[in-house]
Amino acid sequence: MLSIPCPECGPRDEIEFHYGGQAHVAYPADPHSLDDRGWAEYLFYRDNPKGLFAERWQHAAGCRKWFNALRDTHTYEFSTTYRVGEPRPDVADPHPGAAPAGPSTPSNTPSSPAGGTL
Amino acid sequence: MAENTMTIDQSQASGQVAAGLRRTPAAHLTAEMAQVGERSQGAVAVRELAFPVQLGLRARPGSASATALEGVLGVPLPTGHGQVTGDPDGLHVVWLSPDEFLAVDVSREQVPGEGRELEDALEGLPGQAVDLSANRSVLDLRGPRVREVLEKGCHADLHPRSFGVGTAIATQLGPVPVVLHRYADSGYRVYPRASFADYLVRWVLDAAEEFCHEEVL
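Sequence lines, in order, name chains A and B.
Going by my numbering, the first sequence opens with residue 3, and the numbers climb by one from there.
Going by my numbering, the second sequence opens with residue 33, and the numbers climb by one from there.
Right under this line is the structure:
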């Protein structure tokens with residue numbers, strides 16, 4: 003079982019948490035200007051990196067607050083957690099060799115078509 | 033406002049009539065709870081508190097709303113995880129989240145209209161004060177083996193080094209979300225939501241069963 007450090011409550015077991023998918027996916031600045039493809043990409047297209055990934059979690063059984071975490075999708079290791087609204091911390095990938103070479107999306111760029119950060 | 037006042041007056045009148053009628057969520061298990069206390073010779077004593085006052089408070093500590101609430105309560109709001117302020121045998125405030133607190137008074141029974149003073153104090157300010165007395169049942173667990181019973185189903189660290197007297201956390205006991213308050217050296221209060229009270233009491237009685245028999249070495 004993973005031990006996840008909640009920014010408010012400290013380390014708790016994974017069973018108390020709820021996963022919320024990729025973090026920093028910003029709502030489109032002008033949703034009406036999006037075509038169907040752009041809207042679908044905002045709604046459904048997510049990064050799938052092997053390595054560090056910024057994702058949302060909720061401490062469902064504790065303080066019930068949402069927060070963001072940097073987790074390595076290969077080793078499951080949590081590098082850091084931070085409150086919603088705070089910028090993504092600049093943490094070096096602890097296992098840079100794990101990421102495969104080839105055409106992969108950089109994990110720290112939002113996949114939404116029109117910028118802004120959440 | 034006149035209509036509101038009338039409603040409260042009516043509910044107070046009906047509250048007095050209903051005083052002998054209302055039941056706590058685990059009232060039907062009173063005998064079983066008492067039996068475990070006897071059979072374990074006090075190693076695990078379980079009982080349910082009758083209708084303690086529980087008020088849900090929402091405000092950021094340090095804000096004008098928090099000051100207003102503290103003025104009425106006479107107890108400062110806790111500022112961090114695990115903290116409880118006030119008298120654990122009387123009125124105390126449990127930290128649930130950075131802006132959410134549970135004020136509990138175990139020394140008296142809830143009456144209709146509870147928390148109106150707090151509501152009035154928040155007039156014009158952001159925040160919330162709600163009477164949540166019927167939201168959760170309050171189980172009182174006492175005895176030298178209670179920590180072992182709780183540790184069977186609680187994922188949080190209950191060792192005294194991280195869960196000392198006067199600590200309260202929101203966590204899970206078995207599959208049930210609860211607030212867990214260690215109010216004395218071997219005294220814990222467990223707050224399951226009312227609809228989980230039956231299940232959780234049976235879970236606790238089952239977990240305490242091994243302490244009702246002589247140890248086999």
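Quick reminder that beta carbons are idealized off the backbone N, C-alpha and C, glycines included.
Since the structure is predicted, the reported quantities are computational estimates derived from the model, not experimental observations.
Closest Cα partner of residue i within the set the options
i, options, result
"residue 233 of chain B", "B/70, B/79 and B/72", "B/79"
"residue 206 of chain B", "B/125, B/184, B/82 and B/243", "B/184"
"residue 31 of chain A", "A/41, A/24 and A/22", "A/41"
"residue 8 of chain A", "B/242, B/112, B/248 and B/192", "B/112"
"residue 66 of chain B", "B/248, B/240, B/247 and B/249", "B/240"
"residue 4 of chain A", "A/23, A/94 and A/73", "A/73"
"residue 208 of chain B", "B/189, B/68 and B/231", "B/231"
"residue 12 of chain A", "B/55, B/81 and B/188", "B/188"
"residue 28 of chain B", "B/63, B/244 and B/238", "The requested residue 28 of chain B does not occur in the structure, where chain B is confined to residues 33 to 249."
"residue 192 of chain B", "B/218, B/141 and B/108", "B/218"
"residue 164 of chain B", "B/190, B/132 and B/186", "B/132"
"residue 52 of chain A", "A/27, A/25, A/22 and A/78", "A/78"
"residue 27 of chain A", "A/34, A/56 and A/10", "A/56"
"residue 92 of chain A", "A/43, A/36, A/54 and A/37", "A/54"
"residue 270 of chain B", "B/54, B/162, B/53 and B/75", "The first residue shown for chain B is 33 and the last is 249, placing residue 270 of chain B beyond what the model contains."
"residue 19 of chain A", "A/34, A/33, A/50 and A/63", "A/63"
"residue 10 of chain A", "B/127, B/150 and B/249", "B/127"
Short CB-CB distance (under 8 Å) between residue i and chain A
i, result
"residue 239 of chain B", "no"
"residue 245 of chain B", "no"
"residue 213 of chain B", "no"
"residue 49 of chain B", "Note that residue 49 of chain B scores a pLDDT of 49, beneath 50, so its modelled location is shaky; the value from the coordinates is reported in the next line. Not one chain A Cβ lies under 8 Å of residue 49 of chain B."
"residue 35 of chain B", "Unreliable positioning characterises residue 35 of chain B in this predicted model, as indicated by a pLDDT of 46, which lies under 50. The coordinate reading is nonetheless provided below. False, the Cβ-Cβ gap to chain A never drops below 8 Å."
Per-residue contacts from residue i into chain B (C-beta, under 7 Å)
i, result
"residue 18 of chain A", "187, 203 and 204"
"residue 66 of chain A", "129"
"residue 15 of chain A", "187"
Residue i: contacting residues in chain B (beta-carbon distance under 8 Å)
i, result
"residue 63 of chain A", "202, 203, 204 and 209"
Residue j beta carbon less than 8 Å from that of residue i
i, j, result
"residue 59 of chain B", "residue 174 of chain B", "no"
"residue 125 of chain B", "residue 114 of chain B", "no"
"residue 110 of chain B", "residue 104 of chain B", "no"
"residue 145 of chain B", "residue 87 of chain B", "no"
"residue 157 of chain B", "residue 100 of chain B", "yes"
"residue 138 of chain B", "residue 152 of chain B", "no"
"residue 86 of chain A", "residue 59 of chain A", "no"
"residue 14 of chain A", "residue 61 of chain A", "yes"
"residue 216 of chain B", "residue 197 of chain B", "yes"
"residue 136 of chain B", "residue 181 of chain B", "no"
"residue 65 of chain A", "residue 194 of chain B", "no"
"residue 94 of chain A", "residue 83 of chain A", "no"
"residue 92 of chain B", "residue 170 of chain B", "no"
"residue 172 of chain B", "residue 237 of chain B", "no"
"residue 200 of chain B", "residue 211 of chain B", "yes"
"residue 24 of chain A", "residue 48 of chain A", "yes"
"residue 123 of chain B", "residue 143 of chain B", "no"
"residue 36 of chain A", "residue 29 of chain A", "no"
Integer-rounded CB distance, given that residue j should sit under 8 Å from residue i
i, j, result
"residue 97 of chain B", "residue 159 of chain B", "4 Å"
"residue 223 of chain B", "residue 168 of chain B", "4 Å"
"residue 17 of chain A", "residue 204 of chain B", "7 Å"
"residue 81 of chain A", "residue 98 of chain A", "The pair is not a contact, with the Cβ atoms about 12 Å apart (cut-off 8 Å)."
"residue 155 of chain B", "residue 83 of chain B", "That belief does not hold up - the Cβ atoms of residue 155 of chain B and residue 83 of chain B are roughly 27 Å apart, past 8 Å."
"residue 161 of chain B", "residue 89 of chain B", "5 Å"
Contact set between residue i and chain A, taken where Cβ atoms lie within less than 7 Å
i, result
"residue 113 of chain B", "10, 11 and 12"
Chain B contact for residue i (CB, 8 Å cutoff)
i, result
"residue 32 of chain A", "no"
"residue 95 of chain A", "no"
"residue 23 of chain A", "no"
"residue 4 of chain A", "no"
"residue 111 of chain A", "With a pLDDT of only 46 at residue 111 of chain A, under 50, the local geometry of the prediction cannot be trusted, and the value read off the model is given with reservation. False, the Cβ-Cβ gap to chain B never drops below 8 Å."
The ligand GDP heavy atom lying under 7 Å from the CB of residue i
i, result
"residue 194 of chain B", "As far as ligands go, the structure on display features none, and thus does not contain the ligand GDP."
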